[in-house]
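Input: a single structure, listed below in structure tokens.
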Amino acid sequence: MAATTNTIVWKIIIAIFVALSVLFGLFFYFSGIFVTIIVGFALIFIAEKLMKEYQKSIAKYQFKLWLRKLVGFGLVLFWLIVALLLVGQSVGQLASAVEQFAEGESVTGLLFSKVKDKIPGYIQQHVSHEEFRKFEQGVIGFFSGVISQLSFFVANGVLIIPLLFYLYFSRWNRLKKDIYAAVPKEWQGGFLRATSEISRQLHDFFAAKVIESTIIGAICCLGFYVAGLKGWLILGLLAGFLNIVPFIGPIIGAIPPLLFAALDAPIVAAIVVVTILIAQLVDNLYLIPFMISSKVKIDSLLSIILILVGAQLLGPMGMVFAVPVYLIYKIVLRESYRELVKIYG
Amino acid sequence: MAFKYKNELFKTVIFVALYVLLGNARSVQENPVVPGAVIAVNMVVPVLAGILYGRGQGLLVGFFGTLLAAFSPIGSAFEIAAIIPHSIMGFLAGYFKDKAPTPIVACTLFIGHLLNIIMFVLFSLLPISLVADGQFWMGLLYETFIGIVTIMILKGIITLGRVKS
Numbered sequence: 053m054a055a056t057t058n059t060i061v062w063k064i065i066i067a068i069f070v071a072l073s074v075l076f077g078l079f080f081y082f083s084g085i086f087v088t089i090i091v092g093f094a095l096i097f098i099a100e101k102l103m104k105e106y107q108k109s110i111a112k113y114q115f116k117l118w119l120r121k122l123v124g125f126g127l128v129l130f131w132l133i134v135a136l137l138l139v140g141q142s143v144g145q146l147a148s149a150v151e152q153f154a155e156g157e158s159v160t161g162l163l164f165s166k167v168k169d170k171i172p173g174y175i176q177q178h179v180s181h182e183e184f185r186k187f188e189q190g191v192i193g194f195f196s197g198v199i200s201q202l203s204f205f206v207a208n209g210v211l212i213i214p215l216l217f218y219l220y221f222s223r224w225n226r227l228k229k230d231i232y233a234a235v236p237k238e239w240q241g242g243f244l245r246a247t248s249e250i251s252r253q254l255h256d257f258f259a260a261k262v263i264e265s266t267i268i269g270a271i272c273c274l275g276f277y278v279a280g281l282k283g284w285l286i287l288g289l290l291a292g293f294l295n296i297v298p299f300i301g302p303i304i305g306a307i308p309p310l311l312f313a314a315l316d317a318p319i320v321a322a323i324v325v326v327t328i329l330i331a332q333l334v335d336n337l338y339l340i341p342f343m344i345s346s347k348v349k350i351d352s353l354l355s356i357i358l359i360l361v362g363a364q365l366l367g368p369m370g371m372v373f374a375v376p377v378y379l380i381y382k383i384v385l386r387e388s389y390r391e392l393v394k395i396y397g
Numbered sequence: 002m003a004f005k006y007k008n009e010l011f012k013t014v015i016f017v018a019l020y021v022l023l024g025n026a027r028s029v030q031e032n033p034v035v036p037g038a039v040i041a042v043n044m045v046v047p048v049l050a051g052i053l054y055g056r057g058q059g060l061l062v063g064f065f066g067t068l069l070a071a072f073s074p075i076g077s078a079f080e081i082a083a084i085i086p087h088s089i090m091g092f093l094a095g096y097f098k099d100k101a102p103t104p105i106v107a108c109t110l111f112i113g114h115l116l117n118i119i120m121f122v123l124f125s126l127l128p129i130s131l132v133a134d135g136q137f138w139m140g141l142l143y144e145t146f147i148g149i150v151t152i153m154i155l156k157g158i159i160t161l162g163r164v165k166s
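Sequence order for the protein chains is G and F. The working numbering numbers the first residue of the first sequence as 53 and each following residue consecutively. The working numbering numbers the first residue of the second sequence as 2 and each following residue consecutively.
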């Protein structure tokens with residue numbers, strides 16, 4: 053179909069493009085809230101799936117409604133306690149490992165003294181203790197930044213995520229109706245198509261990401277546990293979580309377990325390396341081609357370009373959100389164009 | 002028996018490998034109540050296989066997993082004696098999978114432990130005096146509880162991966 057020559061259509065399309073850019077600009081400016089909302093929706097996705105599964109499995113036993121609710125509440129409470137205990141134990145293990153390894157000395161100092169004899173002389177000339185120290189400071193600086201940002205997100209999350217859960221589970225249909233009613237009649241068809249398409253594609257994208265992270269996290273947890281790595285749970289979960297960030301995420305996620313493993317014993321380091329390799333192989337040879345690609349239909353070259361542009365503009369956050377933002381732009385502009393052509397010809 | 006297809010064989014092999022891997026994990030701690038044995042985290046694997054895929058898989062994973070683990074670096078007389086109990090445990094988990102909720106089915110772990118103890122006593126691996134001690138049973142209950150929690154976590158993760166969006 054040839055593009056329309058009607059200038060009104062193109063003016064409105066440009067106006068919509070600018071409005072969307074302003075909206076996303078605001079989102080990224082208030083990135084703390086934006087990321088918390090995204091995390092909230094990811095949690096809603098998990099909660100919804102688990103609730104469906106729970107309802108399906110409990111339906112067999114014909115419990116009364118109050119008993120179903122009680123069992124459900126009991127399970128949620130149970131999971132929270134287990135998660136807190138496990139994570140708390142894992143953090144404690146990590147802290148004691150750091151203390152044990154770095155008694156009065158820096159972690160890299162110890163690492164350097166361990167590997168110094170094995171480094172060939174000509175490399176030793178170039179790689180000094182100072183190089184290791186700089187590397188350590190860089191890593192510590194990066195993770196301090198991540199931890200301080202995380203605490204900010206947690207504080208935001210405590211305020212925003214319960215509200216999102218409330219809105220989604222009790223008011224979502226009514227909210228949708230109210231918004232739909234506010235749209236002018238001639239735009240309602242296009243609006244409905246665009247919102248359901250955006251909702252479906254974003255849902256698929258984040259569902260794929262959540263499943264990918266869960267599987268990678270589970271593989272890493274298992275491998276680190278087998279390796280006997282201290283703090284295996286928290287390091288495995290971190291590796292799974294950071295896998296969301298394309299390209300650099302898996303590398304950043306691999307650094308902390310590798311550091312702890314290198315300080316422990318060669319066999320631990322070897323198993324950790326093998327685990328990370330297996331996780332990446334599963335991700336790149338199975339999950340991405342067979343699971344993620346079927347959910348997110350986007351050209352691979354285009355996705356790489358988008359991610360690079362996102363990284364250039366907004367750093368790691370831009371890398372994560374490049375594809376979903378592109379999907380929203382694409383659907384909104386395509387549907388707007390269709391409707392405008394119908395109206396103005 | 003449900004074990005007919007290639008897919009089932011693949012799943013069984015994965016679970017057997019998981020059993021052996023977990024048995025040899027360096028994070029596994031010594032059992033404080035049974036001298037010379039370790040806390041059998043890998044016992045959750047046949048139960049999980051039974052819960053997810055049925056009694057055939059549960060039985061096979063219990064049998065081959067324990068058999069292979071017996072010849073792995075962690076292998077001991079305890080593992081050889083546990084082959085039949087673990088097979089029965091996996092079978093029972095599969096048998097009850099549609100008859101009761103997961104946490105209840107996961108209690109087949111306790112049956113597995115009981116059968117293990119009977120075998121250990123029969124093969125003189127465990128002094129009968131130790132079994133009479135209340136502390137021993139507390140340790141066993143603790144181990145079973147950890148196993149049930151692990152099964153529920155793993156079932157949750159696998160369910161999340163299987164649910165179509």
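Even glycine gets a Cβ: it sits at the ideal position worked out from N, Cα and C.
| query | result |
| --- | --- |
| Best match in G:Leu-337, G:Ile-356, G:Ser-109, G:Val-70 for proximity to Ile-300 (chain G) [C-alpha to C-alpha] | G:Ile-356 |
| Rounded straight-line distance, which links the Cα of Leu-69 (chain F) to that of Tyr-378 (chain G) | 51 Å |
| Residues near Gln-253 (chain G) by beta carbon distance below 6 Å, same chain, minus five either side | Leu-379 |
| Inside the stretch 8–32 of chain F only - alpha helix (DSSP H) runs reaching at least 4 residues | none |
| Cβ-based contacts, 7 Å cut-off: residues of the stretch 363–392 of chain G near chain F | none |
| Where Arg-226 (chain G) falls, given that 16 or more other Cβ within 10 Å makes a residue buried | exposed |
| Classification of Gln-30 (chain F) by the beta-carbon crowding that lies within 10 angstroms, buried from 16 upward | exposed |
| Which listed residue (F:Phe-65, F:Val-14, F:Ser-125, F:Asp-134) has its alpha carbon closest to that of Ile-89 (chain F) | F:Phe-65 |
| Asp-316 (chain G) - DSSP class collapsed to helix/strand/coil | helix |
| Reduced DSSP category for Leu-115 (chain F) - H, G, I as helix; E, B as strand; rest coil | helix |
| Supposed contact pair Gly-24 (chain F) and Asn-43 (chain F) - C-beta distance, whole angstroms, cut 8 Å | 4 Å |
| Local conformation of Ile-383 (chain G) per DSSP, three classes | helix |
| Touching by the beta-carbon criterion (3+ pairs, under 8 Å), the stretch 204–224 of chain G and the stretch 84–92 of chain G | yes |
| Near the ligand NAD: Met-369 (chain G) beta-carbon under 6 Å from a heavy atom | Annotation note on the ligand NAD: not contained in the displayed structure, which lists no ligands. |
| Alpha carbon of Gly-114 (chain F) to alpha carbon of Pro-86 (chain F), nearest angstrom | The question names Gly, yet the displayed sequence has His at residue 114 (chain F). Rounded to whole angstroms, His-114 (chain F) to Pro-86 (chain F) spans 8 Å at the Cα level. |
| Residue environment, Glu-264 (chain G), which counts as buried when at least 16 other CB atoms sit within 10 Å | buried |
| Inter-stretch contact (C-beta, 8 Å, three-pair minimum) for the stretch 235–251 of chain G and the stretch 387–396 of chain G | yes |
| Val-150 (chain F) versus Thr-103 (chain F): straight-line alpha-carbon distance, rounded | 10 Å |
| Stretch pair the stretch 364–379 of chain G + the stretch 306–324 of chain G: three plus CB contacts closer than 8 Å | no |
| Where Lys-98 (chain F) falls: helix, strand or coil (DSSP) | coil |
| Under 9 Å (Cβ pairs) to chain G, residues found in the stretch 5–30 of chain F | Leu-19, Leu-22, Leu-23, Asn-25, Ala-26, Arg-27, Ser-28, Val-29 |
| Given Glu-203 (chain G) as reference, the closest of G:Asn-58, G:Ile-85, G:Ile-68, G:Val-372 once Cα atoms are compared | At residue 203 (chain G) the sequence reads Ser, which differs from the Glu that was named. Checking every option, the nearest Cα to that of Ser-203 (chain G) belongs to G:Ile-85. |
| Helix, strand or coil at Ser-166 (chain F) according to DSSP, with G and I counted as helix | Caution applies to Ser-166 (chain F), whose pLDDT of 44 falls short of 50 and renders its modelled position unreliable; the value that the coordinates give is listed next. Residue state, collapsed to three classes: coil. |
| Buried/exposed call for Lys-108 (chain G), threshold 16 Cβ in 10 Å | exposed |
| Selected residue, minimal CA-CA separation from Glu-100 (chain G), among G:Leu-360, G:Val-128, G:Leu-329 | G:Val-128 |
| Distance CB(Pro-405 (chain G))-CB(Phe-276 (chain G)) smaller than 7 Å | In the structure as shown, chain G starts at 53 and stops at 397, and residue 405 (chain G) therefore has no counterpart that could be examined. |
| Inter-residue spacing [alpha-carbon to alpha-carbon] between Ile-395 (chain G) and Ile-60 (chain G) | 11 Å |
| Those runs of the alpha helix (DSSP H) which lie wholly inside the stretch 75–118 of chain G and span at least 4 residues | 83–110 |
| The alpha helix (DSSP H) enclosing Ala-55 (chain G), as first and last residue numbers | Where Ala-55 (chain G) is concerned, there is no enclosing alpha helix (DSSP H), given that its DSSP letter is neither H nor E. |
| Chain-ordered neighbours of Thr-145 (chain F) on chain G, where CB pairs are closer than 8 Å | Within chain G, no residue comes near Thr-145 (chain F); the closest Cβ sits about 15 Å away, beyond 8 Å. |
| Chain F contact for Arg-338 (chain G) (CB, 7 Å cutoff) | Before going on, a small fix: residue 338 (chain G) reads as Tyr here, not Arg. Taking Cβ atoms only, chain F never reaches closer than 7 Å to Tyr-338 (chain G), which makes this a no. |
| Environment of Lys-349 (chain G) [buried if 16+ CB atoms lie within 10 Å] | exposed |
| Where the stretch 95–119 of chain G meets chain F: residues whose CB sits under 9 Å from a CB there | Phe-97, Ile-98, Lys-101, Leu-102, Lys-104, Glu-105, Ser-109, Ile-110, Lys-112, Tyr-113 |
| Where the stretch 56–70 of chain F meets chain G: residues whose CB sits under 8 Å from a CB there | none |
| Euclidean distance between Cα positions of Ile-359 (chain G) and Phe-293 (chain G) | 18 Å |
| Under 9 Å by beta carbon: chain G residues contacting Val-48 (chain F) | Within chain G, no residue comes near Val-48 (chain F); the closest Cβ sits about 17 Å away, beyond 9 Å. |
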